[in-house]
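Those protein sequence lines, which keep their order, are chains A and B. If you're matching positions, the first sequence starts at 1 in my numbering and goes up one per residue. If you're matching positions, the second sequence starts at 491 in my numbering and goes up one per residue. Built from N, CA and C at the ideal position, the CB exists for glycine as well.
There are 2 protein chains.
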Amino acid sequence: MSDAFEQALAHARQTEALAQISGRLGWDQQTVMPRGANAQRSEEMAALEAVLHARRTDQRYGEWLDKAAPSDPAHRAMLREMRRDWARNTKVPARLAAELARVTPLSQTAWEEARLAGDVAAFLPWLKQMLGLRREEGHAIADGGDPYDALMQDYEPGTDSDDIAAMFARMRPRLVALREAVLGADTPAPLTGHFAQDGQLRLSRRLAEHMGYDFTRGRIDLAVHPFSSGSGDDVRITTRVAVDDPFNCLYSTLHEVGHAAYEQGVDAAYALTPIGRGVSMGVHESQSRIYENQLGRSRAFTAWLYQAMGQEFGPLSVADADAFYAAVNRVTKGYIRTEADEVQYNLHIMLRFDLERALVRGQLQADDLEEAWNTRFAQDFGYPVDRPADGVLQDVHWAVGLFGYFPTYALGNVYAGCLFAAMQADLPQLQGQLEAGDSSAATGWLRARLQRFGALREPVETITHACGTAPSEEPLLAYLEQKFAALYDL
Amino acid sequence: MSDAFEQALAHARQTEALAQISGRLGWDQQTVMPRGANAQRSEEMAALEAVLHARRTDQRYGEWLDKAAPSDPAHRAMLREMRRDWARNTKVPARLAAELARVTPLSQTAWEEARLAGDVAAFLPWLKQMLGLRREEGHAIADGGDPYDALMQDYEPGTDSDDIAAMFARMRPRLVALREAVLGADTPAPLTGHFAQDGQLRLSRRLAEHMGYDFTRGRIDLAVHPFSSGSGDDVRITTRVAVDDPFNCLYSTLHEVGHAAYEQGVDAAYALTPIGRGVSMGVHESQSRIYENQLGRSRAFTAWLYQAMGQEFGPLSVADADAFYAAVNRVTKGYIRTEADEVQYNLHIMLRFDLERALVRGQLQADDLEEAWNTRFAQDFGYPVDRPADGVLQDVHWAVGLFGYFPTYALGNVYAGCLFAAMQADLPQLQGQLEAGDSSAATGWLRARLQRFGALREPVETITHACGTAPSEEPLLAYLEQKFAALYDL
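#1: Buried or exposed for SER440(A), going by 16 or more other Cβ atoms inside 10 Å?
#2: Using the DSSP secondary-structure output, state which residues sit across from GLU198(A) in a beta bridge.
#3: Say whether chain B places a C-beta atom closer than 8 Å to the C-beta of PHE227(A).
#4: So ASP518(B) contacts chain A; which residues on that side make the cut at Cβ distance below 8 Å?
#5: Taking contact to mean at least 3 C-beta pairs separated by less than 8 Å, is the segment 304 to 322 of chain A in contact with the segment 282 to 291 of chain A?
#6: Does any C-beta atom of chain B lie closer than 8 Å to the C-beta of MET33(A)?
#7: Specify, as a first and last residue, the run of the beta strand (DSSP E) that ARG236(A) falls within.
#8: Interface residues of chain A around GLY944(B) at Cβ under 7 Å?
#9: Can you tell me whether GLU371(A) is buried or exposed, with buried defined as 16 or more other CB within 10 angstroms of its CB?
#10: So VAL541(B) packs on LEU508(B), CB below 8 Å; how close in whole Å?
#11: Using the Cα positions of GLY138(A) and PHE215(A), report the straight-line distance between them to the nearest angstrom.
#12: Is MET1(A) close to chain B? Criterion is C-beta to C-beta, closer than 8 Å.
#13: Can LEU590(B) and VAL850(B) be called in contact, C-beta distance under 8 Å?
#14: So, are the CB atoms of PRO465(B) and VAL950(B) less than 8 Å apart?
#15: If we cut at 8 Å on Cβ distances, does GLU6(A) have a partner in chain B?
#16: Under a Cβ-count criterion, where at least 16 other Cβ atoms within 10 Å of its own Cβ denotes burial, should MET1(A) be classed as buried or exposed?
#17: For ASP221(A), which three-state DSSP category applies?
#18: Tell me, please, whether the CB atom of GLY628(B) is closer than 8 Å to any CB atom in chain A?
#19: Distance check for ASP831(B) and TRP616(B), CA to CA, integer angstroms please.
#20: Taking any Cβ of chain B, which residues in the segment 270 to 304 of chain A have a Cβ under 9 Å from it, in chain order?
#21: Counting only beta-carbon atoms, is ILE237(A) nearer than 8 Å to chain D?
#22: Helix, strand or coil: how does DSSP classify SER161(A) here?
#23: Could you check the C-alpha separation between ARG170(A) and ARG134(A) for me, to the nearest Å?
#24: Please confirm whether ASN413(A) has its beta-carbon closer than 8 Å to some beta-carbon of chain B.
#25: Please report whether the beta-carbon of ARG937(B) lies at a distance below 8 Å from any beta-carbon of chain A.
#26: If you measure between the beta carbons of THR828(B) and PHE814(B), is that distance less than 8 Å?
#27: Could you give the C-beta distance for GLU458(A) and PRO157(A), rounded to a whole number, given that I count them as a contact under 8 Å?
#28: Closer than 6 Å by C-beta to ALA671(B): which residues in its own chain qualify, once you throw out the five before and the five after it? Chain order, please.
#29: So, at 8 Å on beta carbons, what are the nonlocal neighbours of VAL833(B) in its own chain, with the 5 sequence-adjacent residues on each side left out?
#30: How far does the alpha helix (DSSP H) with ILE511(B) in it extend, from its first residue to its last?
#31: Quick one: does VAL51(A) have its CB under 8 Å from some CB of chain B?
#32: When the Cα of GLU626(B) is compared with those of ALA879(B), ALA500(B), VAL610(B) and LYS581(B), which residue comes out closest?
#33: Mapping the DSSP letters down to three states, classify SER280(A) as helix, strand or coil.
#34: Got a sec? Which residues, its chain only, sit under 6 Å from THR57(A) by beta carbon, not counting five neighbours each side?
#35: When you compare only the Cα positions, how much space is there between ALA87(A) and LEU65(A)?
#36: Identify which residue in GLY432(A), LEU355(A) and GLY212(A) has its Cα closest to the Cα of SER298(A).
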């Protein structure tokens with residue numbers, strides 16, 4: 001190990017330790033912080049962000065990175081991550097970073113109010129401002145390249161938006177066709193009833209344990225929006241409860257357990273290093289999605305869950321485990337991405353991807369966004385958007401400048417499809433194990449094949465290494481077509 | 491405002507914001523942190539401490555402080571605090587600060603084990619090491635002066651240990667005499683029964699509200715050791731519950747509410763500045779003690795509490811409000827400082843003060859500490875120490891190097907005595923208000939006279955300003971002699 005590499009790594013470790021603190025404060029703010037502490041917390045967070053920014057753009061750090069020449073593969077991966085971050089962070093002018101930090105919370109508040117009021121016009125000035133700032137940032141990072149692709153690298157290093165567009169173009173007709181077929185068939189009965197909060201939270205803990213979440217290195221709390229935060233030995237998740245909709249709580253928990261399992265599963269030797277965390281948003285989402293969907297919404301797992309819910313809540317409104325499985329996977333017409341089923345979810349993403357890419361590239365103006373959204377929604381879903389809160393105002397992402405983030409959700413689904421196909425080939429007993437309430441083989445496979453490596457390999461190589469083949473959308477589409485054909489007698 | 495002062499203050503504000511984060515992590519660690527996160531948290535805290543240390547000893551900060559010449563009184567007080575901290579922090583060699591940070595948690599663990607095992611010899615090497623490091627630090631800060639006095643300045647700026655020793659010498663015979671008289675009289679019956687945790691916590695919240703604790707800027711949680719943490723708009727307290735001893739929970743809560751009220755009560759204009767917090771440990775303790783004792787253990791307040799406990803827990807084991815008041819103020823033989831009543835508490839402090847001052851001055855050797863403790867305890871309390879956990883091993887303070895801290899507990903009691911005398915003179919209706927469950931006049935008086943000023947004035951001036959006269963031990967002694975003479979028919 002060269003001295004310069006050691007110095008750079010020590011610097012990065014300390015920065016990462018401080019970044020973990022920042023994450024913990026985010027958890028605190030959304031779970032336990034007294035509401036009157038908001039303004040003071042902003043000042044505390046700003047002080048910490050200033051420290052982080054100074055460390056990430058420290059000139060000496062850049063010099064160490066220049067001179068570093070490690071030979072060990074893990075160290076080379078760490079250097080790759082450190083150099084990428086350094087290059088990105090030093091390209092953004094301090095003035096722009098400060099302006100983004102200042103405007104983002106104001107824009108978020110404006111979006112919250114505009115969404116409640118259904119007032120797109122009130123949000124437009126903020127959208128334009130955030131779009132302008134992020135376009136400027138994209139151009140600064142892109143060095144003459146495409147600003148949208150540049151922004152995407154923050155979430156999914158190594159991606160090319162043309163590749164994504166081509167993949168989405170292959171997926172879209174098959175998903176539209178599947179959706180139409182499913183919605184043309186009889187809709188199964190939903191699960192109805194009153195499900196007390198205590199029982200939902202108890203069952204959430206059982207689900208998390210079932211899926212291998214390590215409570216000695218994490219905890220579950222309530223929050224308005226479920227999330228997972230932290231890396232290594234302190235990975236906390238949150239969930240939420242609606243007493244008439246237990247699947248909201250239970251599948252939010254499974255989703256966040258997937259994210260958390262990835263962070264908890266990274267090799268302890270990488271802790272607080274630049275590879276001691278999930279490698280990208282897309283790979284992260286592959287973990288949350290495979291826990292939530294391919295495992296959690298499987299016939300086998302829902303058979304176990306049907307029993308567990310009966311124990312917790314008494315007799316259910318559905319007749320048997322088959323009806324329960326159908327209720328879990330019920331497909332209905334809707335508007336909201338976060339409530340979408342496996343069939344429709346990716347259509348929501350494709351719509352956003354096309355629109356946000358056009359916005360960042362200057363091919364679509366913010367003033368025309370609502371009309372573009374509504375037109376495209378009617379094309380893909382077959383009915384008009386009823387109100388802005390169900391349309392262009394439904395997601396927080398653009399309000400806080402997350403242009404380039406949406407495609408990682410669909411990439412995660414695609415990756416989950418690949419991983420699940422490989423897992424099934426390796427684990428012929430999987431269905432029986434899940435039905436018996438034993439997920440250890442599945443979660444063990446994910447840990448051994450993917451989670452423990454953290455960011456050792458680039459995202460696509462991470463999936464390729466785990467599956468033995470390069471990622472493709474085909475396994476996901478085949479899985480969806482097969483699952484829903486069986487469920488809906490297509 | 492001079493430019494140099496503005497720059498220094500901006501630097502100090504940002505440092506204080508980061509220090510608040512450090513405090514919040516301490517809260518997290520003792521309330522909600524997963525136990526497996528300990529090692530990672532140490533690394534996170536070390537990274538933050540390194541940032542804090544670098545900022546506190548930053549050469550540019552020192553230059554701004556040298557040049558600053560503000561005219562506004564609040565700004566002059568801020569400069570006083572900043573200059574004191576800067577001088578202190580730059581006198582301690584980095585090597586010594588790092589060694590103290592490294593050894594302290596190890597020494598604490600060794601103390602915990604030695605205390606459980608009753609093994610003084612096992613703790614002695616750690617005591618010697620911590621004592622050696624802190625003596626070195628004391629000499630470094632003292633510039634040729636007394637090292638114990640130098641260490642005391644961290645907790646109680648402006649104190650002289652000879653003055654403290656002289657005051658304790660005046661207090662000790664009267665307290666020993668009062669203690670003997672009380673223990674010679676009939677002991678009242680204790681409150682007995684089973685008091686469910688939920689009820690104790692509900693009542694704790696009522697007590698905290700009763701005493702003006704602002705839950706929009708704070709919260710109460712459970713922890714092994716009750717504490718208060720944070721300043722300004724995020725001041726959290728913890729309590730603990732023993733189902734057979736409700737006073738433990740209720741009076742711990744009142745104590746911490748006193749600390750928290752001080753921090754919550756500081757003028758919002760001083761937030762995150764060097765005067766935006768309690769001025770010293772002694773003045774802080776005056777607030778916790780006056781809430782807990784002079785107010786909380788008064789005949790009037792206990793009359794209200796007797797009703798409130800009856801509502802929460804049903805009929806109590808004591809006959810009436812008088813018997814309840816006697817049970818709250820019951821004086822019995824014991825060994826443990828933290829469980830001591832108002833009569834005996836200060837005797838515990840005086841013992842520790844004399845011993846720790848002799849240790850730091852090199853007049854007492856660590857090897858001779860246990861014998862010195864046991865001899866002095868027998869003198870003041872009239873019976874021998876039964877085991878090390880009840881004697882020299884009972885407190886964590888010396889294990890973590892807090893030499894010079896103990897006297898601030900007694901100073902707090904003395905200051906509380908002064909404040910209560912002045913409050914009673916100003917508020918003739920106080921007893922009736924407390925009995926009716928209305929503490930607003932008392933807490934309003936403390937806020938207006940003391941809390942809102944934060945560290946605007948030095949500790950003694952803070953008390954003098956609030957009371958209209960300089961502090962003295964006389965009001966506390968008179969209060970104790972009068973209260974316990976009445977309670978015990980002396």
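By the coordinates alone:
#1: exposed
#2: With the sequence shown as reference, residue 198(A) is identified as Asp, and Glu is not the correct amino acid for it. Per DSSP, none; premise fails for ASP198(A).
#3: no
#4: ARG24 and ASP28
#5: no
#6: yes
#7: 236 to 239
#8: Those do not exist, as GLY944(B) stays about 15 Å from chain A at its closest Cβ, beyond 7 Å.
#9: exposed
#10: 6 Å
#11: 40 Å
#12: Per-residue confidence for MET1(A) stands at a pLDDT of 48, beneath the threshold of 50, marking its modelled position as unreliable; the derived number appears in the next sentence. No, MET1(A) does not count as interfacial toward chain B.
#13: no
#14: Any question about residue 465(B) goes unanswered here, given that chain B covers just 491 to 980.
#15: no
#16: In this prediction, MET1(A) has a pLDDT of 48, which is less than 50 and means its spatial position is unreliable; what the coordinates show is noted afterwards. The residue is exposed, with fewer than 16 neighbouring Cβ atoms inside 10 Å.
#17: strand
#18: no
#19: 31 Å
#20: ALA271 and LEU272
#21: Among the chains of the structure shown, chain D does not appear; the protein chains present are A and B.
#22: helix
#23: 29 Å
#24: no
#25: no
#26: no
#27: 6 Å
#28: LEU980
#29: LEU665, LEU668, ARG669, VAL672, VAL821, LEU970 and PHE974
#30: 493 to 521
#31: yes
#32: LYS581(B)
#33: coil
#34: ASN89 and THR90
#35: 10 Å
#36: GLY432(A)
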